[in-house]
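Structure record follows, encoded as structure tokens.
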Amino acid sequence: MGPVPCGFRAAPVGWDHGYSSRDTYTAHFHSEMAPNWLDFAALVKGHAPPRRREGASFRYLELGCGMGFGLCLLAALYPEGRFLGVDFHPDHIAHGRRLAETLGLENLRFQEADFVDLQADPSPLGFERGETGPYHYVAAHGIATWVVEPVQQALLAVASAALLPGGLFYNSYKTLPGWLPLTAFQQLVRLELQRGEPALPGEAFRRATATLASLLGEEGQATPLRNLLPTLSTELDDLRLDNVPYLLGEYDNAGWQPLYVAEMHQRCAAHKLRPVATANLPELFEELLPEPLRSQVNGEPNGLIRQTLIDLACARRFRRDLFARGSVRLSPDAWRRRLSGLRLRRRETPSRQDWRFRTSFGELSVPPAICEAMEAALAPGPRSLAELAEAIGQPPVEALRLAALLLHEERLGLDRGEAGAQAQAGCERANARLLQRMAEGWGYGSLAAPAVGSGVDCSLVEALCCQAPGQGPLGATEERWLLERLRELGARSASTANNDVKPVYALDEKTLYVVTAFQRDRLPFLQALGVVLARFQPRSPGHADA
184 MGPVPCGFRA APVGWDHGYS SRDTYTAHFH SEMAPNWLDF AALVKGHAPP
234 RRREGASFRY LELGCGMGFG LCLLAALYPE GRFLGVDFHP DHIAHGRRLA
284 ETLGLENLRF QEADFVDLQA DPSPLGFERG ETGPYHYVAA HGIATWVVEP
334 VQQALLAVAS AALLPGGLFY NSYKTLPGWL PLTAFQQLVR LELQRGEPAL
384 PGEAFRRATA TLASLLGEEG QATPLRNLLP TLSTELDDLR LDNVPYLLGE
434 YDNAGWQPLY VAEMHQRCAA HKLRPVATAN LPELFEELLP EPLRSQVNGE
484 PNGLIRQTLI DLACARRFRR DLFARGSVRL SPDAWRRRLS GLRLRRRETP
534 SRQDWRFRTS FGELSVPPAI CEAMEAALAP GPRSLAELAE AIGQPPVEAL
584 RLAALLLHEE RLGLDRGEAG AQAQAGCERA NARLLQRMAE GWGYGSLAAP
634 AVGSGVDCSL VEALCCQAPG QGPLGATEER WLLERLRELG ARSASTANND
684 VKPVYALDEK TLYVVTAFQR DRLPFLQALG VVLARFQPRS PGHADA
């Protein structure tokens, strides 16, 4: 290794293998990682899901679980499952364990471990090297294109070894060509972080953004960089420079490298992982591609080239691919029976003026009457896909596509039936404790909806609405309490690490609108989904947590 240029610090490669470990990552829930969502995606493409029925027991492994929030929500939603979250960042594991304890989850554990070590010795995962793993589902969200290639290879090897035959590997990752513009930003950010003050990483992101904006020049100015990367200016404008933990986790990685789809699929194939579906539901239906791309794709017999053509034409930047190590194809009759019996229910269906769906294929328009008919058919309660097709007067394949689009928009959910009812009590307890932590300033943004086996969004303002003193709708006293809590949390956020000061909240017109809309519009839907909200239901017993 040559000398380090003056003003720069060499980035040591230690236990983190060059992955950003200077801060913890953000805490999110992704509905695409839920077992019933993964089963649905595999079923649409004709593959037998890992579970034979909703409510069957299963095992679920997340590699690179981060703070563990999403896995905790899944464990509450699926008490019949056993969950294991693995991450090499000790702060992530400590947070996940504390949160699981706080939520009263007994079907989940967290393990601090390194993928490279697990490849050599998978015993912490519950099986020995050379044995078949016990997991129905293995998930790795975003991590594969953040880590250096030896760690990526270890990740894929562990995922393959951990799967039961017929199990599913959810692998989401950044793709080219969609990330091409931001490769310039990532390179400059890494250099700025190396020469900057370690305690002020936010400054490195601001300097990199300002420098690139200067190199791009003004709108309409034909600078070389703007000619080469015409969308970079918009990408920079969309960056949230106040969210430093996310920016560090996304860009401060030695192994940061978006891949073309063929590269990832070939690397997975080397570990006996074969692509079977995608968790991005609209992408399950290539017939939704616009012409002339659809005809060009249909005329290409090679699967890797087909997917590459789609990604190039759509400038795709993120994939949620599902792989299997051995899959079982369903017969046409078995496929139709399982799809016909699939039960759906409404999630949140506020009125809308148009029915345009944003997808990686572009914007799709659907006749409003058909969408409204499907949602109206579900107003009395859950129905099977076969019943919905009959209710809206459409062939089953059309009903399936429409259902997938409405699931993608989170207007519909996959009904869990009795299994959801069995999860109700645990989800009530978990949601009450999550609301309490959110009101204390923890940055969680989802609650458990057991009826559909997924999470629902919940903002800080909505969480505080549920925690306000008293019962029922908010009055003047409760609004004053809400304002004080928001001000307190705003002031607290201004004193957090990195000196990234966030604006102090105020009970302005927008906040009041959120409060009103939450009580008037969202509550009936959320309560129907089993999301029992503390203020508007009998309170759960308090739970002390340090």
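Numbered by the working numbering, the letters in the sequence shown go through residues 184 to 729 in order. Every residue, glycine too, gets a C-beta built ideally from N, C-alpha and C.
query	result
For H211, tell me which candidate among F241, F252, G238, G309 has the shortest Cα-Cα distance.	F252
What is the C-beta distance between F298 and L338, in whole angstroms, given that I count them as a contact (C-beta under 8 Å)?	5 Å
Provide the residue(s) that pair with S523 in DSSP beta bridges, ordered along the chain.	BP columns for S523 are empty, so no partner.
Which term fits N175, buried or exposed, when burial requires 16 or more other beta carbons within 10 angstroms of its beta carbon?	Only positions 184 to 729 of the chain appear in the structure, and residue 175 is not among them; the question remains open.
Entirely within the region 337-418 and at least 4 residues each: give me those alpha helix (DSSP H) ranges in chain order.	363-378, 384-399, 407-411
Quick one: which unbroken beta strand (DSSP E) runs of 3-plus residues sit fully inside the region 422-469? Chain order, please.	457-461
Would you identify the three-state DSSP class for Y243, choosing helix, strand or coil?	strand
Which first and last residues belong to the alpha helix (DSSP H) in which V227 is found?	218-227
Following the continuous beta strand (DSSP E) through S548, name the residue where it begins and the one where it ends.	545-548
Indicate the three-state DSSP secondary structure (helix, strand or coil) for D270 in the structure shown.	strand
What residue range is occupied by the uninterrupted beta strand (DSSP E) comprising A323?	318-324
In this structure, how does DSSP classify F310 when only helix, strand and coil are distinguished?	coil
Taking C-beta to C-beta, are R599 and G636 nearer than 8 Å?	yes
Is the region 416-423 close to the region 460-471, with three or more CB pairs under 8 Å?	no
Please classify T699 as buried or exposed, where buried requires at least 16 other C-beta atoms within 10 Å of its C-beta.	exposed
Could you tell me if G713 is buried or exposed, where buried requires 16 or more neighbouring beta carbons within 10 angstroms of its beta carbon?	buried
Threshold first: 4 residues or longer. Then list the alpha helix (DSSP H) segments lying entirely within the region 613-660, N to C.	643-650
By a C-beta neighbour count over all protein chains shown, 10 Å radius and 16 as the cutoff for buried, is A631 buried or exposed?	buried
Taking the C-alpha atoms as reference points, what is the distance between P381 and L471?	48 Å
Does S629 pass the burial test, meaning 16 or more other C-beta atoms within 10 Å, or should it be called exposed?	buried
Suppose the cutoff is 6 Å on Cβ atoms and the five residues either side in sequence are ignored; what does the same chain contact list for L590 look like?	L464
Can you give the Cα-Cα distance for L647 and L260, rounded to whole angstroms?	23 Å
Can you tell me where the alpha helix (DSSP H) with T491 in it begins and where it stops?	486-497
Pick helix, strand or coil for L709, following the three-state DSSP scheme.	helix
Can you list, in chain order, the residues of its chain whose CB lies under 6 Å from that of Q710, leaving out five sequence neighbours each side?	none
Anyone know if the C-beta pair for E611 and G238 falls short of 8 Å?	no
By how many angstroms is the C-alpha of A572 removed from the C-alpha of Y688?	In this prediction, Y688 has a pLDDT of 48, which is less than 50 and means its spatial position is unreliable; what the coordinates show is noted afterwards. Roughly 47 Å between the two C-alpha positions.
Please list the terminal residues of the continuous alpha helix (DSSP H) segment that includes F252.	252-260
For S678 and L256, I'd like the C-alpha separation in whole angstroms.	Confidence at S678 is low in this model, with a pLDDT of 43, below 50, so its placement is unreliable and the value that follows should be read with caution. Approximately 29 Å between the Cα atoms of the pair.
Under the assumption that C730 contacts D270 (Cβ atoms under 8 Å), give the Cβ distance between them as a whole number of angstroms.	This structure leaves residue 730 out entirely; the chain is present only between 184 and 729.
Looking only at C-alpha atoms, which of E314, Y243, L695, G349 sits nearest to A507?	G349
Near E433, what residues of its chain come up, given a Cβ to Cβ distance below 7 Å and the 5 sequence neighbours on each side ignored?	none
Contact between the region 494-509 and the region 439-456: three or more CB pairs below 8 Å?	yes
Mind checking who L291 pairs with in its DSSP beta bridge?	F266
With DSSP as the reference, label S478 as helix, strand or coil.	helix
Does the distance from the CB of P317 to the CB of V341 come in under 8 Å?	no
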